[in-house]
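K.L.:
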Amino acid sequence: MKTKAQKEVEVGEAKELLKKSDALVFVDFNKVSAEDLRNLRRAVRAAGNSMLVLKKRLLGVALKEKGIEFDSKQFAGSLGTVFSGNGLETASSAVYKFFSSLGEDKEAKAAAMTKILGGLDLAKKEMATREMILFYGQLPPREVALSMVLGMFIAPIKSFMYLMVEKSKKA
Numbered sequence: 246m247k248t249k250a251q252k253e254v255e256v257g258e259a260k261e262l263l264k265k266s267d268a269l270v271f272v273d274f275n276k277v278s279a280e281d282l283r284n285l286r287r288a289v290r291a292a293g294n295s296m297l298v299l300k301k302r303l304l305g306v307a308l309k310e311k312g313i314e315f316d317s318k319q320f321a322g323s324l325g326t327v328f329s330g331n332g333l334e335t336a337s338s339a340v341y342k343f344f345s346s347l348g349e350d351k352e353a354k355a356a357a358m359t360k361i362l363g364g365l366d367l368a369k370k371e372m373a374t375r376e377m378i379l380f381y382g383q384l385p386p387r388e389v390a391l392s393m394v395l396g397m398f399i400a401p402i403k404s405f406m407y408l409m410v411e412k413s414k415k416a
């Protein structure tokens with residue numbers, strides 16, 4: 246059992262991360278091996294986010310001081326919290342990619358996806374459902390999406406140029 250001083254340190258660390266964050270993603274790490282948990286932390290850190298494991302009640306205390314109501318009883322078990330300063334989309338993407346890589350077959354992947362519990366958009370002060378996190382996680386990165394849109398704009402111009410070149414060859 247942790248002492249009051251240890252709990253205060255954890256709440257202080259959570260407050261510092263909350264100051265830099267605009268979104269949270271909650272994951273269940275029960276029955277996840279220690280090596281997989283380290284890999285999750287690495288994946289989250291590589292995306293520019295932070296992960297902290299602390300009691301739900303202590304997370305509720307840190308969020309309450311920021312003015313956000315958090316019902317800790319909505320999640321069963323322990324919570325791993327991913328703090329993101331880059332928005333809900335980047336944190337969701339890193340978490341989704343990690344958990345989708347855990348299972349070899351379809352059933353194992355589905356079981357791994359149940360570890361993603363939901364999120365919290367701190368800017369809007371509203372909860373994000375598990376389905377929203379999974380949806381955001383499947384989206385391509387911003388740069389890829391922009392290149393796809395640009396490709397859609399360029400395609401008709403390329404087709405027109407191809408027609409003009411072929412027409413000039415016949416003449």
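Using my numbering, the letters of the sequence shown map in sequence onto residues 246 to 416. Even for Gly, the Cβ is constructed at its ideal location relative to N, Cα and C. What you are looking at is a predicted structure, and each value in this text was computed from that prediction instead of being measured.
Measuring CA to CA, which of 342, 318, 409 and 367 is closest to residue 287?
P.N.:
The candidate whose alpha carbon is nearest that of residue 287 is 342.
K.L.:
Name the two residues that bound the continuous alpha helix (DSSP H) containing residue 366.
P.N.:
Run containing residue 366: none in the alpha helix (DSSP H); it sits in the beta strand (DSSP E), 361–366.
K.L.:
Residue 381: buried (16+ other C-beta within 10 angstroms of its C-beta) or exposed?
P.N.:
When all chains shown are included, residue 381 counts as buried.
K.L.:
Do you know offhand how far residue 265's Cα is from residue 358's?
P.N.:
Cα to Cα, the separation comes out at about 27 Å.
K.L.:
Excluding the 5 residues preceding and the 5 following residue 285 in the sequence, name in chain order all residues of the same chain whose CB lies nearer than 6 Å to its CB.
P.N.:
Contacts found: 343.
K.L.:
Taking DSSP as the reference, what is the three-state secondary structure of residue 380?
P.N.:
DSSP places residue 380 in helix when its eight states are reduced to three.
K.L.:
Which residues in the same chain have their Cβ closer than 8 Å to the Cβ of residue 404, if we skip the five residues on either side of it in sequence?
P.N.:
Here the set comprises nothing.
K.L.:
Would you grab the beta carbon distance between residue 333 and residue 364 for me? Rounded to a whole angstrom, and I think it's under 8 Å.
P.N.:
About 6 Å; that satisfies the 8 Å criterion.
K.L.:
Can you tell me the Cα-Cα spacing of residue 353 and residue 274, whole angstroms?
P.N.:
Residue 353 and residue 274: Cα-Cα distance of roughly 15 Å.
K.L.:
Rounded to whole angstroms, what's the CA-CA distance from residue 331 to residue 271? Just pull it up for me.
P.N.:
Straight-line Cα distance between these residues: approximately 16 Å.
K.L.:
I'd like to confirm the pairing. Which residues does DSSP put opposite residue 297 in its beta bridges?
P.N.:
DSSP lists 326 as partners of residue 297.
K.L.:
Pick from 308, 322, 395 and 367: whose alpha carbon is nearest that of residue 255?
P.N.:
Cα-wise, what sits closest to residue 255 is 308.
K.L.:
Where does residue 314 sit, in a helix, a strand or coil, going by DSSP?
P.N.:
It is coil, neither helix nor strand.
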